[in-house]
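Reminder that position 589 of the sequence shown reads as 1547 in our numbering, one-by-one numbering, no gaps. All residues carry an ideal CB built from backbone N, CA and C; glycine is no exception.
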Amino acid sequence: MDAIKKYIFVKVVHSKENNLKLKKKKYAVVLLCSAILGTFVNTVSALETSNPKSKISNLEELQSEENVSDKTSESSKDTVTPSEQNESPESDGDEGGTKQNKTDQTVSSDHQEKSNIEIDENDEQMNHKMGTYAKGYGLSDVSGRPMLRAEGVPTIYSNDKSLPSRDVVDIASWQSWMTQNDFNLLKQQGIKAICVKITEGTSYKNPYAANQIKMAKNAGLIVSVYHYSRFSSNAGAISEANFFAKTANELGLSKGTLMVNDAEDGDMQPKKVDLTITCNTFAEQLKNNGFKNVLHYASASWVGVGNVPLEYDKMGGINNFWIAQYDYAKPSSSNLKWRDKGGAWQYSSNMILAGGSKSEFLDVSIDYKGRFTGAIANTAMTYDSHVEGIGWQGYTTDNTIGGTTGSGKRLEAFRISYDSSLGSGGISYASSVKGQGWQNEVTTGNISGTIGQSKPLEALKIRLTGAVANKYDIYYRVHSSNIGWLGWAKNGEAAGTGNSDTKIEAYQVHIVPKGSIAPGATLNAYVDRTKIMITEESHVSTFGWQPKVFDAMQSGTTGQSKAVEAIKLGFTKATPVEGNISIQSHIAGVGWEQGWKTNGQQSGTTGQSKAIEAIRVQLTGKISEQYDIYYRVHSQNYGWLGWAKNGENAGTQGLSLRIEAYEIRVVEKGGDAPAGTNQSSFVKGEPVPAYSYTSHVQGIGWMPSVVNLGVSGTTGQSRRIEAIQINNPMLEYRTHLAEIGWTSWTSKNNQVSGTTGQSRSAQALSIRLKPQYIDKFDVYYRAHSASQGWLGWTKNGADAGTKGYNLQMEVYQIRILPKNSGLSPTLSTAFKAK
């Protein structure tokens, strides 16, 4: 019976074929086997139980004609996309074009005829999309089962500058429609790099890869490539790596090319040890083939430390990962996920190339560490570390960790190699050795530090020399005992500690194109005995205790909807302090804690799923006479609030909003407050009921709903908003329509204001609170009008947009705040009429 179950699971439930005839045959097999085993439902249920690694609802997969993925990266030819040419104004039901009817297919028949390329059925079944099986981070359906796809990811456009940096677009055979002009447009609109799928398994090759790579290079885009992995053993990993490398050689790719392991397939035996080991084997075999620049792609839910499929701490660090995690709201340049916890972030699979030859979806990513946009830097430099009790570790590549963490072993010496592939010149570096001070600077290949003297390094300096220094910056940071990771220094600055009883245990070095953003926080790259250092530890929901950070660094997360549940504050052991640091937290369902928690004591709770909503922090004793302590929090829905000081409240009370992150700064008494907004640090009032809103847009239909401060509509596309809906029972709203004028105020929640199917633009809107809510809340909103751009914010029933100019409204935003919150946007001219 178990054998029959396994047969059904492998041959039917997990089949990648979507041919309708084959699917009907599968149904027949399932029903026949079900008659033998019992009911059909019990069979499927048994299959799910018998294969716990599968996180796919087998019953749903068999019942549905849709094969949707958690993060579909390459648009299916059957994807409903926002194209004016083939979609009537009333075809609104697909939420911005995310519905899919088939798995990844080959190119259309007319394109095959033109290109004279044949793809047989087996190749078609092998051609998976990046993101097909990767699971969404913490996503589940109503029954608690992991979802195959994050529904409702909004449509975005390649020329929208409000997005996070649009660094990388990844493509495969599904983008066979792209022309040279399309690649040129990507370059013109700010995209820097293209990642092309070239292989899958041990037999499939993307037949369009050579031409796609050629066109990308012609456009001035940096090219990397990826392989859709299917291996479930070390032997399989070696075979696939050899196939990937052989194909890359056939395509004429240089050995410095970034090679991506797309690790997500449901058949890869995603057990934490197995998949970590096999992916390492895959990467090592690529290096044996001469391709040393390897990156792993995976969903956020697969990556972590401990009980996860891919343990980044055993795979060269988190910077060796390209993380896929999509937002239900439109991504924003001020909301950067995985900023310090990943090499790159794929933030959307629903980007349309503005002005392109087709309105089909592309994936887009931000490249945090220069892995895509400065790829050759990752093989130009390597470094070796001499560690207490270990000796020389062996050379490691750019942006990986040299030395050790968590073992208390001192770094005694290091040496750096440079191959001149970035340009003529070299690297010079120096060490500060305990008891000796700064040594003389040495050059490429020489040893800095000491061997056989048991003396730890305390600080180091690294710089580029010659022509390469004009094109690139070199960043580096150190992990010091009693402190942890310090900030990033660059181009010859000191990194580490001075006049302090600490030692370097590990370090990291990274070369990036000149002027690129730093790999992480740059404050406190070098500290000495006179520097007061606050240590911060946060317990984050579902993540647990996070690594220790220091004042001026962020603790917690942003953009991941995770609550800070507990906090520990203290001082580094490197600096003697006369006095204490204390914290008190306001806990959901509890209120303010009784008493203060001092010098490393836990404030908040663990294991109770109770979020911290506000904090107070203060210094006591002699240190309070010398320093002021500032702090601010990142609050759910509000983002970063203003700075509080010396025991004042920071966060919210009575609004049921979690703290997601916080920052602390220590400033000499009477010194300037940290730079930032002047908004309130604390908001108290009645909770704002949840709300969302959407727009019916020309040629697209109803857009995915957005929430608090989300942007509804489109920019840069000259598409009119024709109608709006707001889902909040407190509000009434109306629109000003072309050739009609103002509509009546809505009378019920989620009512449509405007028209659909009439090609009529909305030109302005007004939103107001119902009488019973006026004393409790304010509603703010603004409109983006054609040729005018964003007009100013207004509130509480005033008009926003234009009248008499025949200008269509294209975008609008809404924000509801408690009365007198101190967070209101600045009001300015919101309405123009003649």
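With which residues is L1695 paired in a DSSP beta bridge?
G1699, A1720
Outcome for E1079 when other beta-carbon atoms lying within 10 angstroms are tallied against a minimum of 16
Because the pLDDT of E1079 is 39, which lies under 50, any placement of that residue in the model is unreliable, and the question is left without a value.
At which residue ranges does the stretch 1159-1201 contain complete alpha helix (DSSP H) runs of 4 or more residues, listed in the order of the chain?
1167-1176
What is the rounded straight-line gap between the Cα of L1422 and the Cα of G1450?
8 Å
Span separating the alpha-carbon of W1554 from that of K1580
18 Å
For S1582, the first and last residue of its enclosing alpha helix (DSSP H):
1581-1584
Buried or exposed for L1781, going by 16 or more other Cβ atoms inside 10 Å?
buried
Would you mind giving the Cβ-Cβ distance between F1240 and A1195, rounded to the nearest angstrom? I have them listed as a contact below 8 Å.
4 Å
Closest Cα partner of D1342 within the set G1361, I1622, P1534
G1361
Under the three-state reduction of DSSP, which class applies to V1111: helix, strand or coil?
coil
Check the DSSP bridge columns for W1396 and list the partner residues they point to.
S1390
Consult DSSP for W1132 and reduce its assignment to one of helix, strand or coil.
helix
Using the C-alpha atoms, what's the distance from I1235 back to E1680?
54 Å
Would the beta-carbon of G1264 fall within 8 Å of that of D1140?
no
Which two residues bound the contiguous beta strand (DSSP E) that contains A1756?
Unbroken run through A1756: none, as it is neither H nor E.
Report the three-state DSSP secondary structure of D1232 (helix, strand or coil).
helix
Anyone know if the C-beta pair for Y1465 and Y1434 falls short of 8 Å?
yes
Roughly how many angstroms lie between the CA atoms of P1534 and G1528, to the nearest whole one?
12 Å
Close-in-space but distant-in-sequence residues of the same chain around L1209 (CB under 7 Å, 5 per side omitted)
I1156, A1167, A1168, I1171
Quick one: any contact between the stretch 1657-1674 and the stretch 1625-1636, if contact means 3 or more CB pairs under 8 Å?
no
Closest Cα partner of N1207 within the set T1480, G1248, Y1738:
G1248
Outcome for L1106 when other beta-carbon atoms lying within 10 angstroms are tallied against a minimum of 16:
Annotation note: pLDDT 37 at L1106 (below 50); position unreliable, no value reported.
Under 8 Å, do A1741 and L1727 count as touching if we go by C-beta distance?
no
Does the stretch 1511-1524 come close enough to the stretch 1549-1566 to have 3 or more Cβ pairs within less than 8 Å?
yes
With DSSP collapsed to three states, give me the class of F1330.
coil
Is L1143 helix, strand or coil by DSSP?
helix
Which listed residue (G1643, Y1763, H1592, D1325) has its alpha carbon closest to that of P1471
D1325
For L1144, which residues of its own chain have a beta-carbon under 8 Å away from its beta-carbon, when the five flanking residues on both sides are left out?
S1116, V1127, I1152, A1177, L1179, L1311
According to DSSP, is P1776 helix, strand or coil?
strand
Using a Cβ-Cβ cutoff of less than 8 Å, which residues in the same chain neighbour V1345 once the five nearest sequence positions on both sides are dropped?
Q1351, G1361, T1362, K1367, R1368, L1369, E1370
Rounded to the nearest angstrom, what separates D1757 and H1254 at their Cα positions?
50 Å
Given H1544 as reference, the closest of W1598, S1614, Q1504 once Cα atoms are compared:
S1614
Between I1405 and the rest of its own chain, which residues show a CB-CB distance below 6 Å, the 5 nearest in sequence each way excluded?
A1371, R1373
Could you check which residue in A1572, G1393, N1557 has the C-alpha nearest to that of E1606?
A1572
Cβ pair G1442, K1392 closer than 8 Å:
no
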